[in-house]
Amino acid sequence: MSRPASLSAAAAAGVAALVAALLLLQPEDVGQGASVSMAETESLRKLREDFRMQNKSVFILGASGETGRVLLKEILEQGLFSKVTLIGRRKLTLDEEAYKNVNQEVVDFEKLDDYASAFQGHDVGFCCLGTTRKKAGAEGFVRVDRDYVLKSAELAKSGGCKHFNLLSSKGADKSSNFLYLQVKGEVEARVEELKFDRYSIFRPGVLLCDRQESRPGEWLVRKFFGSLPESWASGHSVPVITVVRAMLNNAVRPSDKKKELLDNKAIHDLGKADDSLKP
Ligand SMILES: NC(=O)c1ccc[n+]([C@@H]2O[C@H](COP(=O)([O-])OP(=O)(O)OC[C@H]3O[C@@H](n4cnc5c(N)ncnc54)[C@H](OP(=O)(O)O)[C@@H]3O)[C@@H](O)[C@H]2O)c1
């Protein structure tokens, strides 16, 4: 691409991302299972211990992505599961000693039925899959963010998964006019129909991370949020590590709710709940 062409592509991506960010600037979704009490915060350490004793197994979809790789690292650091499996389209190079017991299942997402065995025998599943319209086109985006996610959830359910965790997005709404929010809302609803024993949906605002892949649009959005007052920015964005800790703090606390919806605020609250417990 010539320099002016690449500059205008970056500018277009920036404008598109800013529009997307502005779409997220709407009143907070009403979350359930959201608040975390002081007593719960204090008992997180105990909850983790109890959880470890149960020797559960877990799979992660999207472990090569920004959220998925932080989730994997945190799962290993907290030692929560007796077996950790990554399900992805390529094998990841995991050199460090900490990763030596991580299993990897390489699958073809276009033929997932042929890989049903990869989804068998996991108690808990985390789905951090996703692409962008810019990267995959509208059709490709729907294929990944709806079809791959839904098929994976179906196979996980058949394989015995009890607790499915879906990383969705703030503003997800199956009747939205915006493809991104519509697809997120639709997949949330269709996974719910599978009737997992426990289904937790996370709806973060803009994810704050130092993305490895170059996404000028997202960079611009992060700068935009960086320029806002802290209280306002935190209403619409969240660091990836906070999302990950919220997912794990939620997973270790028993729940009799079949479905939990954690909005951006609930993610902040729950994700930071254990700061005082960190060594
Ligand atoms: N970015 C935000 O601000 C934001 C805000 C709210 C919600 N979300 C949602 O949060 C989720 C995670 O976001 P993220 O930024 O952590 O994701 P990410 O860094 O883009 O990672 C996406 C993951 O999905 C996999 N993937 C993408 N296309 C695939 C394909 N065609 N076939 C198989 N696997 C594919 C990637 O695998 P490879 O490494 O092999 O490509 C990677 O593991 C997404 O659903 C996203 O929509 C994002």
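Going letter by letter, the sequence shown gives residues -33 to -1, 1 to 246 in mature numbering (1 follows the signal peptide of the UniProt record, and there is no 0). Where a beta carbon is used, it is the ideal one built from N, C-alpha and C, also for glycine.
| Query | Result |
| --- | --- |
| Rounded to a whole number of angstroms, what is the C-alpha to C-alpha distance between Leu53 and Leu38? | 11 Å |
| Taking all protein chains shown into account, decide if Thr60 is buried (16 or more other Cβ within 10 angstroms of its Cβ) or exposed. | exposed |
| Answer yes or no: do Ala103 and Val111 have a C-beta to C-beta separation smaller than 8 Å? | yes |
| By the 10 Å Cβ neighbour count, where 16 or more other Cβ atoms means buried, how is Ser142 classified, buried or exposed? | exposed |
| Would you say the beta carbon of Gly193 comes nearer than 7 Å to a heavy atom of ligand 1? | no |
| CB-CB under 8 Å to His130, same chain, minus the five flanking residues each way: which ones, in chain order? | Asp90, Val91, Gly92, Phe163, Asp164, Arg165, Tyr166, Ser167, Ala218 |
| How would you write the range of the beta strand (DSSP E) that Val51 sits in, first residue to last? | 50 to 55 |
| Short check: CB of Gln45 to CB of Leu215, under 8 Å? | yes |
| Alpha carbon to alpha carbon, what distance is there between Asn132 and Ala139? | 15 Å |
| Below 8 Å between beta carbons: does that hold for Leu96 and Lys124? | no |
| Look up Gly92 in the DSSP assignment and say whether it is helix, strand or coil. | strand |
| Less than 7 Å between the CB of Val111 and some heavy atom of ligand 1, yes or no? | yes |
| Put Gln71 into one of helix, strand or coil per three-state DSSP. | strand |
| Do you know how far the Cα of Arg189 is from the Cα of Ser204? | 9 Å |
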